[in-house]
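Chains as they are written, first to last, in the working numbering: chain A, 1 to 288; chain B, 1 to 288. Even glycine gets a Cβ: it sits at the ideal position worked out from N, Cα and C.
Number of protein chains: 2
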Amino acid sequence: MAGIMTMLREASGKLHPQERRAAQYILEHGMEAAGLGITELAQRAGVSTATVSRLCKTFHFSTFTDFKMKLSAELALQPSAQSYQDIVAGNPLEDIVSAMAANHIRSITDTTRLLDLKKLQQAVDVLAAANRIDIYGSATSGIVAEDFYQKLVRIGIHAASYSDSHLQITSASLLRPGDVALAISYSGETPETIDALRCAKENGATAISLTKFGANTLANLADIQLFTSTLEEGMRRGNMASRIAQLHVIDILFTGLVSSRFDEYVPRLENSYQMVRKYRVNKGVAEG
Amino acid sequence: MAGIMTMLREASGKLHPQERRAAQYILEHGMEAAGLGITELAQRAGVSTATVSRLCKTFHFSTFTDFKMKLSAELALQPSAQSYQDIVAGNPLEDIVSAMAANHIRSITDTTRLLDLKKLQQAVDVLAAANRIDIYGSATSGIVAEDFYQKLVRIGIHAASYSDSHLQITSASLLRPGDVALAISYSGETPETIDALRCAKENGATAISLTKFGANTLANLADIQLFTSTLEEGMRRGNMASRIAQLHVIDILFTGLVSSRFDEYVPRLENSYQMVRKYRVNKGVAEG
DNA sequence: ATGAATGTGTAAATTATTTTCGTAGTTTAA
DNA sequence: TTAAACTACGAAAATAATTTACACATTCAT
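Following this line, the structure appears as structure tokens:
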């Protein structure tokens, strides 16, 4: 079978008026329609339940339920939309869910495509050899910074993350050659973060930036530039996709790091989970 | 493989004898089981229909039909051989990059597929009407909590996030009816987070949980349960995919919230960016 | 015009699912 | 050890969903 949806579309012309109406509704609402019961589907399509039931029979499905199952199996396989979707007013939650999934997936694939393996490898090497790692980021990027910090702690790497501008500078001013500073900012133009990275660099630390793709102050300043995909104007509200992309890069960095010294780091990672578990008296497992 | 089957396998040990029997049958017969009605499934598994129905409730599916649909959607995807990739020793960075992209994308699609729109809508409604919102999370989940907090602040919603266990309880004890508490924990078994949510609930606040899919203490406690896909054993190291999935759900919640009061919230969101820009003297745009 | 054929909705019959309730077994406390 | 309180579970009642039977239009051919 070359797809239920295709079949519906093709046969649509030959169907009885009301059946076509039901078929049309299914074609237009896809996933949403597949989740409904016959009663609600009929109501929304503006036909009787009997008509829907007969539509299924017309296509030789044994029952409506049979049709529904096969349809949703088919739709589950369907690849999701390939373009960014903007947030608009009064969208049904259903649309928001699929738009968000599309955006995040797009953000990850775009970022992956733009990654420069050489720079990434350099970053991993530098981080692996670092005496001490400082991570800077404000607001949303501060969260990404904190996330990386937490990961590094678990494998026993001496790291710190700062989102406060004074602390950033304070810490940066204490860095020395052999240390690494990672500055995160989607725009690459966050003044505090720029200042902190400049200060770190002046003190001899290796400077890594993580920004949107293209020319920006932070990347220009850095020794090693890492990039996430650039989003369209409307999509920046909420910094959602950009943050996902940043975390994606962080995860790659971290995994690269762990992989490079697998035998040393993995037991530590494992151990950190065990210890958290152990020192939580009498209670269940906790994995955050 | 992730999602329902993984969850069933994992939880199997904790289930009541007859429920386990039903779960076992589903695990062993996959596709075949997904096609059956509750009556026949119960018969073949050697249990009563009531037990099967209860099994679905145990895992927080709204009905047996809901369970069946999500299961068959999951199984339909199986043959496409995408599966989570574990971290291994000495992987070339190139492999890590593609594995990470695959994992994150999988995590997002799995989570999206398992989302319960009704519960999601309830959560959005409750959050929109909330007097005040408390968000609890430890470690990695604390980062997700903080992220949501930052978003809510930008649209002028009175929210707070706590990862410190004492502060969590302190704040929870001050909640009142009309307030909302959102507790985040991948495992759903983080003691501090559970205590905080319980406390919040006892004080009359509406309790929302965000955990891995299935039965867990936190979800059982909550008034509204939100879920991310369940990851396989090896994938948990580093909490990477789980955190991406949690953020994905948070983004949907937030967007749903903004969309529900578009005219009120979007200007605020826009304004918050403008103001940050304005009060940063002489420097470029900053979007985190 | 009139009868046959066709398409459709309503409502009854059927089927499926959930919930209630009682029992039997198990744990807890005295 | 016994009584009380739980707990798990299935039978069956209640509810919900789906299909089928039937009646009523409408169309089309005669």
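Partner residues on chain B for residue i, Cβ-Cβ distance less than 9 Å
i, result
"A:Ala33", "Neighbours of A:Ala33 on chain B: none; closest Cβ ~12 Å, over 9 Å."
"A:Gln43", "Under the 9 Å cutoff, chain B gives no residues; its nearest Cβ is about 17 Å from A:Gln43."
"A:Gln274", "The premise fails here: A:Gln274 is roughly 12 Å from chain B at the closest Cβ pair, so nothing lies under 9 Å."
"A:Leu167", "Per Cβ cutoff of 9 Å: no residues; A:Leu167 is ~17 Å from chain B at best."
"A:Ile26", "Those within 9 Å of A:Ile26 in chain B number zero; the least Cβ separation is about 15 Å."
"A:Leu127", "Those within 9 Å of A:Leu127 in chain B number zero; the least Cβ separation is about 13 Å."
"A:Gly256", "Asn91, Leu93, Ile96, Val97"
Contact list for residue i against chain A, beta-carbon separation under 9 Å
i, result
"B:Asp164", "Result: empty, since nearest Cβ-Cβ is about 14 Å, beyond 9 Å."
"B:Gly3", "Correct list: empty, because the minimum Cβ distance to chain A is about 11 Å."
"B:Asp134", "By Cβ distance, chain A contributes nothing, its closest Cβ being about 18 Å from B:Asp134, past 9 Å."
"B:Ile157", "Neighbours of B:Ile157 on chain A: none; closest Cβ ~13 Å, over 9 Å."
"B:Met69", "Ala34, Gly35, Lys68, Met69, Ser72"
Limits of the unbroken alpha helix (DSSP H) element including residue i
i, result
"B:Gln274", "262–278"
"A:Pro17", "17–35"
"A:Thr193", "191–202"
"A:Leu218", "217–221"
"B:Leu8", "4–11"
Within 8 Å, strictly: CB atoms of residue i and residue j
i, j, result
"B:Arg154", "B:Leu253", "no"
"B:Ser12", "B:Ala23", "yes"
"B:Arg176", "B:Ala145", "no"
"B:Gly256", "B:Leu120", "yes"
"A:Ile244", "B:Leu182", "no"
"B:Lys201", "B:Leu221", "yes"
"A:Ala34", "A:Tyr25", "no"
"A:Ala172", "A:Asn203", "yes"
"A:Tyr186", "A:Asn103", "no"
"B:Val258", "B:Tyr265", "yes"
"B:Gly289", "B:Thr230", "Here chain B comprises residues numbered 1 to 288, so residue 289 of chain B is not present and cannot be evaluated."
"A:Phe64", "A:Ser72", "no"
"A:Ala76", "B:Ala76", "yes"
"B:Tyr136", "B:Thr193", "yes"
Boundaries of the beta strand (DSSP E) in which residue i is found, first to last residue
i, result
"B:Tyr162", "159–162"
"A:Phe227", "224–228"
"A:Thr211", "206–212"
Nearest neighbour of residue i, chosen from the options [CA to CA]
i, options, result
"A:Arg261", "A:Ala129, A:Leu182, A:Leu221, A:Thr39", "A:Ala129"
"B:Phe59", "B:Met7, B:Val276, B:Ala183", "B:Met7"
"B:Thr291", "B:Gln168, B:Met240, B:Gly178", "Since the displayed chain B opens at 1 and closes at 288, residue 291 of chain B lies outside it and no answer follows."
"B:Ser242", "B:Met5, B:Asp147, B:Met275, B:Arg106", "B:Arg106"
"A:Tyr162", "A:Glu202, A:Asp110, A:Tyr149", "A:Tyr149"
"A:Thr170", "A:Arg198, A:Ala123, A:Phe67", "A:Arg198"
"B:Arg20", "B:Gly37, B:Gly178, B:Ser48", "B:Ser48"
"B:Arg132", "B:Asp95, B:Leu174, B:Ala139, B:Thr111", "B:Leu174"
"B:Val126", "B:Asp179, B:Lys278, B:Ala139", "B:Asp179"
"A:Glu94", "B:Gly142, B:Val249, B:Asp263, B:Tyr279", "B:Val249"
"A:Phe227", "A:Tyr279, A:Thr112, A:Asp66", "A:Thr112"
"B:Ile184", "B:Ile96, B:Ile224, B:Ile157, B:Asn203", "B:Ile224"
"B:Ile96", "A:Tyr279, A:Leu55, A:Gly30, A:Asp251", "A:Asp251"
"B:Ser209", "B:Gln122, B:Pro92, B:His166, B:Ile157", "B:Gln122"
"A:Met69", "A:Asp110, A:Leu36, A:Ser138", "A:Leu36"
"B:Asp110", "B:Gly142, B:Lys118, B:Cys56, B:Lys212", "B:Lys212"
"A:Phe67", "A:Met5, A:Ala196, A:Gln43, A:Ile143", "A:Met5"
"A:Asp164", "A:Ile143, A:Ile157, A:Gln43", "A:Ile143"
"A:Leu55", "A:Asp195, A:Lys14, A:Gln274", "A:Lys14"
Interface partners of residue i on chain B, CB under 7 Å
i, result
"A:Asn91", "Ser259"
"A:Arg73", "The sequence shown places Ala at residue 73 of chain A, not Arg. Chain B residues near A:Ala73: Ser72, Ala73, Ala76."
"A:Glu146", "Ile143"
"A:Ile244", "Ile244, Leu247"
"A:Ala252", "A quick correction: the sequence has Ile, not Ala, at residue 252 of chain A. The contacting residues are Ile96, Val97, Met100."
"A:Met301", "There is simply no residue 301 of chain A to check, as chain A begins at 1 and stops at 288 in what is shown."
Residue i beta carbon near the ligand ZN (any heavy atom closer than 7 Å)
i, result
"B:Leu253", "The model on display carries no ligand, and the ligand ZN is accordingly not part of it."
Chain-ordered neighbours of residue i on chain B, where CB pairs are closer than 8 Å
i, result
"A:Leu117", "Leu93, Glu94, Val97"
"A:Val307", "Residue 307 of chain A lies beyond the residue range present for chain A, which begins at 1 and ends at 288; the question has no answer from this structure."
"A:Gly30", "What A:Gly30 touches in chain B: nothing, since even the nearest Cβ is about 13 Å away."
Chain A contact residues for residue i, given Cβ-Cβ distances below 8 Å
i, result
"B:Gln150", "Ala139, Thr140, Ile143"
"B:Arg313", "Outside the shown range of chain B, which is 1 to 288, sits residue 313 of chain B, and nothing can be said about it."
"B:Arg113", "Ala76"
Within chain A, the residues that residue i reaches when beta carbons sit closer than 7 Å
i, result
"B:Gln121", "Leu93"
Which runs of the beta strand (DSSP E) fall wholly inside the stretch 121–188 of chain B and span at least 3 residues, in chain order?
133–137, 159–162, 180–184
Can you check the stretch 43–118 of chain A for any alpha helix (DSSP H) of at least 4 residues that lies completely inside it and give the ranges in chain order?
49–58, 64–77, 93–114
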